[in-house]
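Asks: Each residue of the sequence shown is one higher than the one before, counting from 1 in full-length UniProt numbering. Ideal Cβ placement from N, Cα and C applies to all residues, glycine included.
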Amino acid sequence: MQALTPADLLQLWETGSEQTLIERSLLLLAKALPEQTLSSLAMLSIGERDEMLLSLREYLFGTKLKNTAVCPKCADIVEWESSSRDMHLQPVPPLSANSVLEFVREDLSIKYRLPNSTDLLRVTRNANFYIADPNKLLTDCIIDIQHNNQQVQVKNLDAETLQALEVQISNDDPQADIGMMLNCPACSNEWEAKFDILSYLWTEIDVWATHLLHEIYLLASAFGWAEKDILNMSPQRRTMYVKLIQV
Numbered sequence: 001m002q003a004l005t006p007a008d009l010l011q012l013w014e015t016g017s018e019q020t021l022i023e024r025s026l027l028l029l030a031k032a033l034p035e036q037t038l039s040s041l042a043m044l045s046i047g048e049r050d051e052m053l054l055s056l057r058e059y060l061f062g063t064k065l066k067n068t069a070v071c072p073k074c075a076d077i078v079e080w081e082s083s084s085r086d087m088h089l090q091p092v093p094p095l096s097a098n099s100v101l102e103f104v105r106e107d108l109s110i111k112y113r114l115p116n117s118t119d120l121l122r123v124t125r126n127a128n129f130y131i132a133d134p135n136k137l138l139t140d141c142i143i144d145i146q147h148n149n150q151q152v153q154v155k156n157l158d159a160e161t162l163q164a165l166e167v168q169i170s171n172d173d174p175q176a177d178i179g180m181m182l183n184c185p186a187c188s189n190e191w192e193a194k195f196d197i198l199s200y201l202w203t204e205i206d207v208w209a210t211h212l213l214h215e216i217y218l219l220a221s222a223f224g225w226a227e228k229d230i231l232n233m234s235p236q237r238r239t240m241y242v243k244l245i246q247v
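1. Do you know offhand how far residue 165's Cα is from residue 62's?
2. With distances taken from CA atoms, which of 178, 202, 129, 174 is nearest residue 18?
3. Counting pairs of Cβ atoms below 8 Å between the region 113-123 and the region 140-149, do you hit three or more?
4. Measuring alpha carbon to alpha carbon, tell me which of 87, 24, 157, 77 ends up nearest residue 105.
5. Mapping the DSSP letters down to three states, classify residue 105 as helix, strand or coil.
6. Could you name each continuous beta strand (DSSP E) segment of 3 residues or more that falls completely within the region 117-180, going from the start of the chain to the end?
7. Within 10 Å of its beta-carbon, does residue 49 have 16 or more other beta-carbons around it, so buried, or fewer, so exposed?
8. For residue 248, which residues in the same chain have their Cβ closer than 8 Å to its Cβ, ignoring the five residues on either side in sequence?
9. So what does residue 42 bridge to, in DSSP terms?
10. On the DSSP letters alone, give me the boundaries of the beta strand (DSSP E) that residue 79 sits inside.
11. Just the C-alpha distance for residue 101 and residue 149, rounded to the nearest angstrom, thanks.
12. For residue 45 and residue 231, I'd like the C-alpha separation in whole angstroms.
13. Tell me whether the beta-carbon of residue 84 lies closer than 7 Å to the beta-carbon of residue 51.
14. Might you give, ordered along the chain, the residues of its own chain that have their beta carbon closer than 7 Å to the beta carbon of residue 82, omitting 5 neighbours on each side?
15. Just the Cα atoms here: how many angstroms apart are residue 170 and residue 198?
16. Just the C-alpha distance for residue 217 and residue 7, rounded to the nearest angstrom, thanks.
See the structure below:
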């Protein structure tokens with residue numbers, strides 16, 4: 001991955017402020033991986049994309065994660081720390097974008113690909129359509145269906161087969177769905193919470209950018225320095241100058 005300067009990250013934060021989380025994640029990866037295009041990154045599986053985002057997060061902010069969740073039983077806020085090192089699940093297979101995989105069940109063969117960011121963007125833009133057909137995201141990924149070497153239409157697949165295919169896709173792309181088992185200290189309720197690297201990382205970038213802009217404002221007001229000069233300073237030096245102003 002290519003190093004991201006504070007100026008780079010601040011520009012990405014500004015550009016992404018009016019975009020969806022999925023689009024923001026692709027912007028971040030495209031900047032960190034200049035050899036890739038937005039289109040090629042959007043065609044990566046969700047797990048491959050999220051593995052890259054997790055690595056980028058470690059590069060930007062380290063491996064320590066500060067987490068919060070609301071207990072679904074008593075609504076108490078649960079806080080804990082974890083390490084992103086524990087979230088790198090079994091390595092995602094080195095598949096190229098849109099690699100064709102196969103699900104086999106007796107005489108049935110289904111050729112499919114893994115869901116990607118392009119699929120999820122389509123869902124967000126046509127939410128009602130996908131709500132009306134909960135299996136559509138899954139069936140969008142089906143390329144071909146054969147039963148005893150005879151073509152089969154997607155609409156003829158039963159619910160059990162679709163569920164089994166969904167399980168296999170989850171196993172093919174484990175990084176796409178990270179869960180944490182939590183225990184509420186207030187009521188002892190246990191539940192599984194999902195970890196979404198997209199929202200977690202962008203929330204951190206938003207907090208970081210807001211803090212940085214405040215520092216730039218203080219230093220520019222006090223010393224008349226240009227934003228680019230302040231951004232070129234190390235975080236430690238900016239902090240020291242801010243402390244001098246506040247003395």
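Replies: The short version:
1. As a working note, residue 165 is residue 165 in the sequence shown. As a working note, residue 62 is residue 62 in the sequence shown. If I take the Cα positions, the gap works out to 36 Å.
2. For the purposes of this step, residue 18 is taken as residue 18 along the sequence shown, with counting starting at 1. Nearest to residue 18 by C-alpha distance, out of 178, 202, 129, 174, is 202.
3. yes
4. The sequence position of residue 105 within the sequence shown is 105, counting from 1. Nearest option by C-alpha distance: 157.
5. For the purposes of this step, residue 105 is taken as residue 105 along the sequence shown, with counting starting at 1. It is a strand residue.
6. 142-147
7. For the purposes of this step, residue 49 is taken as the residue at position 49 of the sequence shown. Label assigned to residue 49: buried.
8. Nothing can be reported for residue 248, as the shown portion of the chain is limited to 1 through 247.
9. Walking along the sequence shown from the start, residue 42 turns up at place 42. Looking at the DSSP assignment, residue 42 forms no beta bridge with any residue, so it has no partner.
10. The count along the sequence shown starts at 1 and reaches residue 79 at position 79. Here the beta strand (DSSP E) through residue 79 covers 77-83.
11. As a working note, residue 101 is residue 101 in the sequence shown. As a working note, residue 149 is residue 149 in the sequence shown. Roughly 17 Å between the two C-alpha positions.
12. The count along the sequence shown starts at 1 and reaches residue 45 at position 45. The count along the sequence shown starts at 1 and reaches residue 231 at position 231. For residue 45 and residue 231, the distance between alpha carbons rounds to 35 Å.
13. Start at 1 with the first residue of the sequence shown, and residue 84 comes out as number 84. Start at 1 with the first residue of the sequence shown, and residue 51 comes out as number 51. No.
14. On the sequence shown, residue 82 is found 82 positions in, with the first residue counted as 1. The residues are 65, 67.
15. Within the sequence shown, residue 170 is the residue found at index 170, counting from 1. Within the sequence shown, residue 198 is the residue found at index 198, counting from 1. Computed Cα separation, rounded: 18 Å.
16. If you number the sequence shown from 1, residue 217 lands on position 217. If you number the sequence shown from 1, residue 7 lands on position 7. Answer to the nearest angstrom: the Cα atoms are 15 Å apart.
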